[in-house]
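Number of protein chains: 2
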Amino acid sequence: MEIDVSKPILARNDSLAAENRRTFSDAGVFVVDLMASPGAGKTSTILATIDALRERYRIAVIEGDIASKVDAEKVKAHGIPAVQINTGGACHLESDMIQRAAAALPMEELDLIIVENVGNLVCPTEFDLGENAKVMILSVPEGHDKPYKYPAIFSKAEAIILNKYDTLPVFDFDEGEFREVVGKLNGKAPIFPISATKGDGVKAWTDWLAARIDEAKAKASSS
Amino acid sequence: MEIDVSKPILARNDSLAAENRRTFSDAGVFVVDLMASPGAGKTSTILATIDALRERYRIAVIEGDIASKVDAEKVKAHGIPAVQINTGGACHLESDMIQRAAAALPMEELDLIIVENVGNLVCPTEFDLGENAKVMILSVPEGHDKPYKYPAIFSKAEAIILNKYDTLPVFDFDEGEFREVVGKLNGKAPIFPISATKGDGVKAWTDWLAARIDEAKAKASSS
């Protein structure tokens with residue numbers, strides 16, 4: 001007899017994700033789940049996003065990692081509240097971890113929570129955390145062929161950040177082919193080329209995010 | 001009631017891995033499992049390894065990916081037999097997939113099988129495939145902090161390849177800190193800085209691999 005354990009695990013995850021979504025909505029907090037490979041620049045992108053939006057929104061960060069708290073420390077050094085989740089081995093965040101992390105944050109004093117998922121192009125894709133938007137980062141050094149190999153994450157992302165764009169001359173990255181393959185998987189998601197550490201292109205990404213946040217706020221206040 | 005499903009899954013995996021190990025040993029084939037993040041350069045490293053060792057050993061490749069066959073095609077274009085496994089969503093290879101892939105290869109005509117695992121620093125770590133050695137690749141653009149966040153894979157690797165070493169001037173990668181943290185996790189694994197696409201440093205890595213292959217052959221013929 002074979003048991004498909006993935007269904008009950010996902011059902012429980014989705015039910016807690018729905019609770020999270022209500023909590024966030026009631027508090028007027030927009031939540032974005034950032035997914036990427038290890039080393040694609042999730043933390044640098046978060047720091048650049050904080051710099052661009054901190055005058056306008058009250059921001060907190062939930063950091064997900066197998067081990068260590070180096071990322072949460074980087075965010076805190078930026079003067080932003082951060083909670084570190086250590087999954088202890090799990091390759092993705094789940095909604096119960098987000099629920100516990102959110103309980104440690106001053107929800108009523110926030111407008112935006114950025115969740116940094118575990119570095120992984122596969123496992124985080126399937127797990128609803130109760131976020132408003134899933135966004136993925138690919139970095140130029142990873143190569144333009146990644147959408148062929150990891151189609152699900154490219155299909156599900158609402159926006160795609162192409163980070164380390166300043167290193168394009170150093171790598172054999174065919175941006176035309178990348179955009180074409182991504183376009184077939186996902187006709188809606190905008191692609192934002194950025195250099196998170198240098199700041200290039202960050203404005204287009206944070207303008208998109210700010211529009212999404214304001215749209216959610218307007219919708220909440222009209223209901 | 002909670003059921004720990006990971007134990008029976010791992011037990012079944014390990015029992016098939018032991019079968020694989022006997023099959024490989026009987027045929028005198030050395031098997032190396034290459035693990036890395038998406039885009040760290042697994043396929044480029046395999047192509048460079050083939051170029052360095054093809055005069056000396058008969059080589060085949062088993063390619064693991066969620067989807068697509070682009071990597072197997074690259075290897076076949078190099079004139080080397082390759083089998084593509086598509087996991088269909090699973091974030092790592094398991095021993096039953098290797099068993100089926102190996103059955104499609106001319107085992108008695110081979111000395112070395114290189115397995116390219118799914119791009120992931122987490123999930124492949126736990127699964128014995130019946131290989132002789134697990135080797136990991138980190139690429140310079142991923143950053144020197146990865147051993148803090150993904151300690152298990154650095155602990156388990158028998159050798160660590162530091163790829164895209166030629167891009168060191170472009171990235172903020174502290175090699176001293178990297179070597180120090182890896183040394184604490186794993187006192188034994190040699191670290192091989194290479195540039196797979198340019199060939200720099202590849203000889204040290206393939207000399208190590210050749211020594212391991214010859215050692216296994218000597219041990220098999222004396223028993």
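Listed in order, the protein sequences are those of chains B and W.
Under the working numbering, the first residue of the first sequence carries the number 1, and numbering increases by one thereafter.
Under the working numbering, the first residue of the second sequence carries the number 1, and numbering increases by one thereafter.
C-beta atoms are modelled at their ideal positions from N, C-alpha and C, and glycine is treated no differently.
Predicted model, so just to flag it, every value in this text is computed and none were measured.
How should residue i be labelled, buried or exposed, when 16 other C-beta atoms within 10 angstroms of its C-beta is the threshold for buried?
i	result
Lys198/B	exposed
Lys134/W	buried
Lys219/W	exposed
Met1/B	Residue confidence is low: Met1/B scores 40 on pLDDT, short of 50, so the model does not pin down where it sits. No coordinate-derived value is stated.
Lys224/B	Residue 224/B lies beyond the range of chain B shown here (1 to 223); nothing can be said about it.
Pro147/W	buried
Glu63/W	buried
Lys149/B	buried
Ala103/B	exposed
Gly79/W	exposed
Gly119/W	buried
Glu142/B	buried
Lys164/W	buried
Ala77/B	exposed
Ala189/B	buried
Asp172/B	exposed
Asp229/B	Here chain B covers residues 1 to 223 and nothing more, so residue 229/B does not appear.
Ala101/B	buried
Lys65/W	As written in the sequence, residue 65/W is Asp, which differs from the Lys given in the question. So Asp65/W ends up on the buried side.
Asp51/B	exposed
Ala211/B	exposed
Ser221/B	exposed
Ignore the nearest five residues each way along the sequence and tell me which others in residue i's own chain have a CB closer than 6 Å to its CB.
i	result
Glu73/W	none
Val170/B	none
Tyr177/W	This sequence places Glu at residue 177/W; Tyr is not what is there. So the qualifying residues of the chain are His144.
Asp71/W	Thr43 and Glu63
Leu168/B	Val140
Ile186/B	It is Asn, not Ile, that sits at residue 186/B in the sequence shown. Cβ within range, chain order: Phe154 and Ser155.
Using DSSP's beta-bridge definition, name the partner residues of residue i.
i	result
Leu138/B	Leu162/B
Ser195/W	Asp200/W
Leu34/W	Glu116/W and Val135/W
Asn86/B	Asp65/B
Ala60/W	Ile113/W
Tell me which same chain residues have a C-beta within less than 8 Å of the C-beta of residue i, skipping the five on either side of it?
i	result
Phe192/B	Ala159, Ile160, Ile161, Leu162, Gly201, Ala204, Trp205 and Trp208
Asp166/B	Ser195, Lys198 and Asp200
Leu34/B	Lys42, Thr45, Ile46, Ile114, Val115, Glu116, Asn117, Val135, Met136 and Ile137
Ala67/B	Asn86 and Gly88
With distances taken Cα to Cα, identify the nearest neighbour of residue i among the options.
i	options	result
Glu108/W	Lys156/W, Asp26/W and Tyr165/W	Asp26/W
Ile9/W	Leu121/W, Ser95/W and Ser37/W	Ser95/W
Ile93/W	Pro106/W, Ala104/W and Glu116/W	As written in the sequence, residue 93/W is Leu, which differs from the Ile given in the question. Per the Cα distances, Glu116/W.
Leu105/W	Ala60/W, Gly64/W, Leu16/W and Gly41/W	Ala60/W
Glu180/W	Phe154/W, Phe127/W and Leu34/W	Phe154/W
Asp111/W	Met136/W, Ala189/W and Ile213/W	Ile213/W
Val122/B	Ala210/W, Ser222/W and Pro38/W	Pro38/W
Pro151/B	Ala90/W, Val83/W, Asn20/W and Pro141/W	Ala90/W
Glu215/W	Val29/W, Arg22/W and Ala18/W	Val29/W
Ile85/B	Gly79/B, Met97/B and Ala18/B	Met97/B
Val140/W	Ser222/B, Ala40/B and Asp71/B	Ala40/B
Arg54/B	Ala67/B, Pro81/B and Asp65/B	Pro81/B
Ala11/W	Asp51/W, Asp172/W and Phe127/W	Phe127/W
Ala17/W	Asn186/W, Gly176/W and Asn132/W	Asn132/W
Lys69/W	Val83/W, Arg58/W and Tyr57/W	Val83/W
Ala48/W	Ala36/W, Val75/W and Arg58/W	Val75/W
Lys217/W	Tyr57/W, Asn20/W and Glu19/W	Tyr57/W
Arg21/B	Ala67/B, Gln99/B, Ser222/B and Gly88/B	Gln99/B
Quick one: what's got a C-beta closer than 7 Å to residue i's C-beta in the same chain, skipping five residues either side?
i	result
Phe24/B	Val31 and Gly130
Asp174/B	His144
Lys156/B	Thr125 and Lys134
Val182/W	Pro147, Phe154, Ile160 and Ile191
In the stretch 171-187 of chain W, which residues sit with their C-beta less than 7 Å from some C-beta in chain B, listed in chain order? Only those residues of the stretch 171-187 of chain W whose C-beta falls short of 7 Å from the nearest C-beta of chain B would be listed, and there are none.
Using a beta-carbon distance cut-off of less than 7 Å, what residues from the stretch 56-85 of chain B approach chain W? From the stretch 56-85 of chain B, only Asp65, Ile66, Ala67, Ser68 and Val70 have a Cβ closer than 7 Å to chain W.
Quick one: which residues of the stretch 121-142 of chain W get their C-beta closer than 7 Å to a C-beta of chain B? List them in chain order. Answer set for the stretch 121-142 of chain W: Leu121, Val122, Cys123, Ser139, Pro141 and Glu142.
Residues from the stretch 152-164 of chain W in contact with chain B, defined by Cβ distance under 9 Å: Under the 9 Å Cβ criterion, the stretch 152-164 of chain W contributes Ala152 and Lys164.
Looking at chain W, which residues of the stretch 9-41 of chain B have a Cβ within less than 7 Å of any of its Cβ atoms? Listed in sequence order: Ser37, Pro38 and Gly39.
Interface positions of the stretch 184-208 of chain W facing chain B (Cβ-Cβ less than 9 Å), listed along the chain: Listed by position along the chain: Thr197.
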